[in-house]
Every structure is written in structure tokens, then in C-alpha cells.
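Here is the structure we will look at, set down as C-alpha cells.
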Ligand SMILES: NC(=O)c1ccc[n+]([C@@H]2O[C@H](COP(=O)([O-])OP(=O)(O)OC[C@H]3O[C@@H](n4cnc5c(N)ncnc54)[C@H](OP(=O)(O)O)[C@@H]3O)[C@@H](O)[C@H]2O)c1
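Residue numbers (my numbering): 27 to 260.
Below, the structure written as C-alpha cells:
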């Protein structure tokens, strides 16, 4: 594993995977800018964060504001060393019942919100010749899940977006990590219950340990658990 980061920004840090990863890095001494809309939950997180977690009110569906906020923090902290686009929604969009507002909500958070989050720092990190960008995609990027056309499609976008960035940034010193979790206990996961059969569900803390280690080592793609990764690759 490489050295820990001095600074990091994580979107969707108010609950689930983002919250657990924020704590994982804060415990190791990283100053974590924890971003989400529910600021009361971020304040609670900060209290559990060993003095290393700074709440940031952010709605990634407001793309330009997202870019502006992240660039302001990047300026203020002397350059973010890791940025993780983790904010996501997993609402079902079944073909027979989906409406444009349902589809648009998924796209605004999972696609344009994630792209805005990462684009905010890409040229800056490339210029500095260091940094790590991370996208939390999903194992659903590899297969179109029934009732989740928009979610699966949004994650396929993110995985392929990151793959292209890996090509562009090869040799620049900037690392790109794509995380493709299976089922992790969270609010999003609770809302998916009843729509998809869930197997090999893990705790958010277990996922954070795997994700944190993969980020520090600059792993290109982390797909877990292995049982589902094997199925997705088939
Ligand atoms: N859990 C799983 O089984 C699983 C599997 C594969 C991939 N994932 C991915 O993991 C990521 C985290 O999800 P999770 O499972 O940890 O679910 P979660 O507990 O529901 O967390 C989702 C996070 O995204 C934030 N968020 C949602 N809309 C936002 C917006 N417009 N602006 C800013 N933040 C927003 C939420 O914060 P606020 O509501 O406070 O804004 C929350 O912190 C997602 O990208 C998800 O697709 C999860």
C-alpha cells in the first residue's frame, strides 16, 4: 500500500459506504471533506471522525455548484489528494412504470453528478502530477438488472468513464480507481429489497476496508465479493 492521503473528499458520505470509507480514512489521519445533502448526519459523522472529518453541504445533482465547491476546497487545502464520487441513488425504473422524473433523478446523481465531481479535479491533479480519483460504480455495471435499467446504465457509464480516464492518465502520476461493489447493507440497499434477489450481502464497514485498501494501492478495478465478480465476468 502507498502512503496515506493528507486530504480527501468523499461525496455521499452521510450514510452507507461513503460514511464507512470516510471513517476508515479519518482513522488513518486523512482530513476528509465529507459531502452530502443531509448536513445533520454529516455533523454526527464529524463527531465520530477523530477531529479529521469536515462536513460539506453538497447536492451533486447541481453540477456547476458541485464543480465550484470542490475546486474551492481544492484551493483552500492546497490540493485534494483523493476525490471519491460515491453519491448515488438506486431507485427502480421498471419499464412499465418509469417516468422521466424517475429516470432523470438517477441520471442527475449517478451520471452527471459523478462526472462533475471527478471533472472538478481532473486537470488540476494531472497538472500536479499526483492524486487519486475514485468512482463508486456497481457490479450492476456489468449486467442490465431487471427493474433497474437506469441504475445499471448509469453504473455502466461510470465504469467506462473511469476506464477511459485510466488510459488518459497513465504515466501522469494520477491514479484512477473503479469500485464495483455487490450488495452492501445501506439505505440504498434497503430500498432495492424485493426488486432483486440479494446474495452475499456485506456490512458497510467490511466494504470500506476493502475499498480503502484498494484506493491506497491504486487498484484499477475492485469488484467484490468474488462470488458475484465471477458471475458478472461470465
Ligand atoms: N449498497 C449497495 O449494495 C451498493 C452496491 C453497489 C454500488 N453501490 C453504490 O455505492 C454508493 C453509495 O451507496 P450506499 O449503498 O452507501 O447507499 P446510501 O446509504 O443510500 O448512500 C447514498 C449516499 O449518496 C448521497 N446522495 C444521494 N443523492 C445525493 C445528491 N443529490 N447529492 C449529494 N449526495 C447525494 C446520500 O446523501 P444525502 O441523502 O445526505 O445527500 C448518501 O450519503 C452509490 O453510488 C451506490 O450506487 C451500493
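Glycine residues also receive a C-beta, built at the ideal position from the N, C-alpha and C atoms. No experiment lies behind these values; they were computed from the predicted model shown.
>> Closer than 7 Å to a non-hydrogen atom of ligand 1 - does that hold for the CB of residue 251?
In response: no
> Excluding five sequence neighbours on each side, which residues of the same chain lie with their C-beta closer than 6 Å to the C-beta of residue 63?
Replying inline: 85
> What's the C-alpha gap between residue 40 and residue 95?
Replying inline: 17 Å
> Using CA coordinates, which residue listed in 68, 207, 187 and 78 is at the minimum distance from residue 33?
Replying inline: 78
> With burial defined as no fewer than 16 other Cβ atoms inside 10 Å of the residue's Cβ, what is the status of residue 107: buried or exposed?
Replying inline: buried
> Any chance the CB of residue 84 is under 7 Å from a heavy atom of ligand 1?
Replying inline: yes
>> Let's test the definition: count the other Cβ atoms within 10 Å of the Cβ of residue 262 and tell me whether it reaches 16, buried, or not, exposed.
In response: For residue 262 there is no data in the structure shown, the boundaries of the chain being 27 and 260.
>> Quick check on residue 174: does DSSP put it in helix, strand or coil?
In response: coil
>> When you compare the CB positions of residue 100 and residue 132, do they come within less than 8 Å of one another, or not?
In response: no
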